[in-house]
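Below you'll find the structure, written out as structure tokens, and then a few comments.
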Amino acid sequence: MSLASQALLVLSNAPNEEFAEQLARLLVERRLAACVNILPAMRSIYRWECQVEEAREVAMQIKTTAAHYAELEAAIKTAHPYAVPEIIAIPIVDGLPAYLDWIKQETSKERNA
453 MSLASQALLV
463 LSNAPNEEFA
473 EQLARLLVER
483 RLAACVNILP
493 AMRSIYRWEC
503 QVEEAREVAM
513 QIKTTAAHYA
523 ELEAAIKTAH
533 PYAVPEIIAI
543 PIVDGLPAYL
553 DWIKQETSKE
563 RNA
């Protein structure tokens, strides 16, 4: 498997379900992601600008390939309301081959509609 075709699980958070859905649709429509899972009702506690903060957020699990990571990251940063959105890419080292192939197929820019 080439490095570019390496499947990735990208984790991100959104301030609410509406934004998460809009971002998910944008990423899938642009073929930057094969699938985005939206997991609502998460509570985050974190340090920001020297203060301990708490927020209700929505978790997002984004499936893509390494070849699309830079463009996916840029799209999230451009659309996201946070100054520093969480964007963490984790290589998928193993999985059902048919599912991993599906990720590659669905993020292929050459696919018709």
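Here the sequence shown is numbered in the numbering used here, starting from 453 and rising by one per residue.
Ideal placement from N, C-alpha and C gives every residue a C-beta, glycine not left out.
Same chain, Cβ closer than 8 angstroms to arginine 495, neighbours up to 5 away in sequence not counted: The answer, listed in chain order, is Glu506, Ala507, Arg508 and Glu509.
Classify isoleucine 514: buried if its beta carbon has 16 or more other beta carbons within 10 angstroms, exposed otherwise. With 16 or more other CB atoms across the displayed protein chains lying within 10 angstroms of its CB, isoleucine 514 is buried.
I'd like to confirm the pairing. Which residues does DSSP put opposite asparagine 489 in its beta bridges? Asparagine 489 is bridged to Gln513.
Entirely enclosed alpha helix (DSSP H) segments - the stretch 526-554, minimum 4 residues: Fully enclosed alpha helix (DSSP H) runs of no fewer than 4 residues are not present anywhere in the stretch 526-554.
Give the straight-line distance between the Cα atoms of cysteine 502 and isoleucine 539, rounded to the nearest whole angstrom. Those two C-alpha atoms are separated by around 21 angstroms.
What are the start and end residues of the beta strand (DSSP E) that includes leucine 463? Here the beta strand (DSSP E) through leucine 463 covers 459-466.
Just to confirm my understanding: we take arginine 477, look at its own chain, exclude 5 residues before and 5 after, and list those with CB closer than 7 angstroms. What are they? So the list is empty, once near-sequence residues are dropped.
Buried or exposed: which applies to isoleucine 542, given that a residue is buried once 16 or more other Cβ atoms fall within 10 Å of its Cβ? By the 10 Å Cβ count, isoleucine 542 comes out exposed.
When Leu479, Lys529 and Tyr498 are compared against isoleucine 490, the one with the closest alpha-carbon: Taking only the C-alpha atoms, the option nearest isoleucine 490 is Leu479.
In DSSP terms, what tyrosine 521 is bridged to: Tyrosine 521 is not bridged to any residue.
Coarse secondary structure for glutamate 506, derived from DSSP in three states: Strand.
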